[in-house]
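To start, the structure under review is shown below, and the notes come after it.
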Amino acid sequence: MKRTITVDLGAGLVLPTPVIVAAGCAGTGRELSGLVELKRIGGLVSRSVTLEPRKGSPPPRIAETPSGTVWSTGLQNPGVAAFVDDELPRLAKGGAPVLVSIAAGSLEEHVRLVGALQTRPEVAAIEINLSGPDDELHREILGEHVDRTGEVVGAVARMSLVPVFAKIPIVASHLVELARAAVRAGARGLTIGGPPQALGVRTADLRPALGGVTGWLSGPALKPLTLRAVLEVARGVPDAPILAVGGVRTGEDAVEMLLAGASAVQVGTAVLVDPAAPVEIARGIAAFLRAKGASSPAEITGRLRVPASTDEAAP
Amino acid sequence: MRRVRAEVLSTRRIGAYHQLTVVAPDIAERARPGQFVAVKMPEGRDFLLRRHLAIHDASPRGGWAGTLEFVIDPSGPGSRWLSAVRAHAFLDLIGPLGKGFAHPRRLSNCLLVAEGHAAATLYYLAQDLVAAGKRVDMVIGAATMERVLKPIEAKRLSQTVAIVTADGTLGDRGEVLDALPNAADAVNAQVVYAAGPAPTLERVAAFCRERSLPGQIVIEEPMGCGFGLCHACVVPIARRDGSGYDNLRTCVDGPVFDPARVLWDRWLGERPTMLPTPPEGLPVVRPWPA
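Read top to bottom, the protein sequences are chains A and B. Start counting the first sequence at 16; every next residue gets the next number (the numbering used here). Start counting the second sequence at 14; every next residue gets the next number (the numbering used here).
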């Protein structure tokens, strides 16, 4: 039996390993190269790119919490034009597939972003960050509405020449409906998912810990939330590959995500602490595959043994 | 930049602080004053992110290996863990990180201004400046005598040292800013280097502006990674051409910055320090959203 660690996400997208660096944790393409062998990473998600340059949130932008961080960069990025000229080629240079994260508040901006990325051979896939506000419909989080998620994902997917992944907020109340709408609209797969919003407090001066007041939770604290979301979506939308993100720090964590239904995982906070974590985690997955006699990560995806009826166990 | 597993050679208490000496030749031979390292914390729920320590000294060529020194102020859970680390323990270090201090090319008289344990990075700079033939003078401030870092070392490194403590237990009673104008006049300061809490740096920046003195300051802003991945540790820095500002990462674009280019109001405007609670009661907090 030939054993492999590669992951085929369909539509021509093959990842060398099932461990990807999550959005916002890959720097500008220059920083990781000395600290980890990029060829041994499954992929890099760029920081979220917007149409115009963004200066981002006021500092401070990060605070440590038990088993996690609260953070908000406010999507600081140079805008898509400068990103394509400068950052994208650098991100791609290491050899890992580059998934470009895009963020926008209107349909037109989404379309124009895809237009700017369309001709670039470095783009292996597009991930739509749906956790931002909807400027057109004046809603706080665009991706928490089924109609709008379908509309935006559809517009992006119709234009994109590469596979599109929709990043659905893990705490959204209609998680499965949102995921289904995204896939029906043309998303190749789903990133599960966008982090929950969070607040840090500094008691010393009675202030929020972050300059932008509220932020997002990241780190090991998220793992059970992500696992549950991945399981729900994998059961509700069985044909779409899932990239699980939130709380993966070790090979064991990644295996749990795969068992729950993910095809690959993304790693964020763990990379900030240990830039070589994606390689270590992939090694952990390989060891598990070996121990279970499985020949590829796909073989353990969704293999969690969930009882057919859980009525009696329900509270 | 290297990632190394470094053995702790020795630890010792210096007043309120702890000094840590580690064997890390790969980092020591590349280190420059002003740079720092990122230390991995133990696995567990209390800590997650690396801690970022300014390099206090680097000996690239020791008897058998290059060493690095750090000064730790045990103020939070992470720094308390670090100050309890014993000799022969191993630490996972990434460094040297950041851009270090620049030397003045023609000017000679350097005034180094430090508050609290931030002085650690300036002692390393002082050695470097002296070796380059510059004149070094210091103003050191702290809350108490125990928090004045190595006053004898300061004397050894510089021509004159002015020490001020908030409680008057060592040197004059007051703050560094009280001693700064006199010290600058007395030694005919031509360049100012400063390290300390942000409000002190802001006042040093105002002083430099008033006197038209060039300066360099070390900024400490909460960091996620320390090597440029996460864009968490930014400060607003004016562009050279005056066309606006950028939020620059202190870990890769700093931590040393030109005080004249820091947009202080934008950076600290939302962050007044209110310690301790004033006698008239709790401060009024700005309603949100404002």
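Backbone N, C-alpha and C define an ideal beta-carbon position, used for all residues, glycine too. Source: prediction; values computed, not measured.
- When Cβ-Cβ separations below 9 Å define contact, tryptophan 231/A makes no contact with chain B.
- When CB distances to chain B are screened at a threshold of 8 Å, the residues of the region 83-117 of chain A falling below it are Gly83, Thr84, Trp86, Thr88, Gln91, in chain order.
- For the region 137-150 of chain A, no residue has a beta-carbon sitting nearer than 7 Å to a beta-carbon of chain B.
- Cβ contact annotation for valine 167/A (same chain, cutoff 6 Å, sequence separation greater than five): His125, in chain order.
- Valine 294/A is outside the set of residues whose beta carbon lies under 9 Å from a beta carbon in chain B.
- Note: histidine 31/B is bridge-paired with Arg26/B, Ile85/B in the DSSP secondary-structure output.
- By the beta-carbon neighbour count (other beta carbons within 10 angstroms, threshold 16), asparagine 195/B is exposed.
- Nearest to aspartate 150/B by alpha-carbon distance, out of Arg118/B, Ala207/B, Met54/B, is Ala207/B.
- Distance from alanine 131/B to threonine 24/B at the Cβ level is roughly 20 Å; contact not present, criterion being Cβ atoms closer than 8 Å.
- For methionine 151/B, the enclosing beta strand (DSSP E) stretches over residues 148-155.
- Boundaries for alanine 119/A: no beta strand (DSSP E) harbours it, and the DSSP string shows neither H nor E there.
- Here the alpha carbon of leucine 95/B sits roughly 31 Å from the alpha carbon of valine 205/B.
- Less than 9 Å separates the beta-carbon of serine 233/A from that of proline 210/A.
- Nearest CB-CB separation between histidine 65/B and chain A: not below the 9 Å threshold.
- Note on geometry: alpha-carbon atoms of valine 52/B and histidine 160/A lie some 42 Å from one another.
- The Cβ-Cβ distance between leucine 237/A and alanine 224/A does not fall below 9 Å.
- Considering only Val36/A, Leu90/A, Pro73/A, Ala139/A, the residue with the shortest C-alpha distance to proline 249/B is Pro73/A.
- Taking C-beta separations shorter than 8 Å and ignoring five residues to either side along the sequence, the partners of isoleucine 27/B in its chain run Val84, Leu162, Lys163, following chain order.
- At the C-beta level, arginine 76/A and cysteine 264/B stay beyond 9 Å of one another.
- Under the three-state reduction of DSSP output, lysine 168/B falls in the helix class.
- For the region 225-247 of chain B, residues whose beta-carbon sits nearer than 8 Å to a beta-carbon of chain A comprise Glu234, Pro235, Met236, Gly237, Cys238, Phe240, Gly241, Leu242, Cys243, His244, Ala245, Cys246, Val247.
- In the pairwise beta carbon analysis, the region 113-120 of chain A is classified as not touching the region 49-56 of chain A: fewer than three pairs are separated by under 8 Å.
- Beta-bridge annotation (DSSP): asparagine 195/B is not paired with any residue.
- Residue range 70-72 is occupied by the beta strand (DSSP E) that includes aspartate 70/B.
- Within chain A, the residues Pro74 have their CB atoms less than 7 Å from the CB of tryptophan 280/B, given in chain order.
- Between glycine 261/A and the set Trp231/A, Leu274/A, Pro290/A, the nearest pair of CA atoms involves Trp231/A.
- With a threshold of 9 Å between beta carbons, aspartate 268/A makes no contact with chain B.
- Note on alanine 102/B: under 16 other CB atoms within 10 angstroms of its CB, so exposed under the neighbour-count rule.
- Straight through space, the alpha carbons of leucine 120/B and leucine 258/A are spaced by roughly 57 Å.
- Between alanine 192/B and arginine 217/A, the alpha-carbon positions lie close to 31 Å from each other.
- Taking a C-beta distance under 9 Å as the contact criterion, alanine 301/A and isoleucine 20/A qualify as a contact pair.
- Asparagine 201/B sits exposed, since fewer than 16 C-beta atoms from the chains shown fall within 10 Å of its C-beta.
- Serine 82/A has its alpha-carbon roughly 35 Å from the corresponding atom of glycine 25/A.
- Under the three-state reduction of DSSP output, glutamine 212/A falls in the strand class.
- Leucine 124/B and threonine 80/B have their alpha carbons spaced roughly 27 Å apart.
- Nearest to glycine 89/B by C-alpha distance, out of Phe60/B, Ala133/B, Ala175/B, is Phe60/B.
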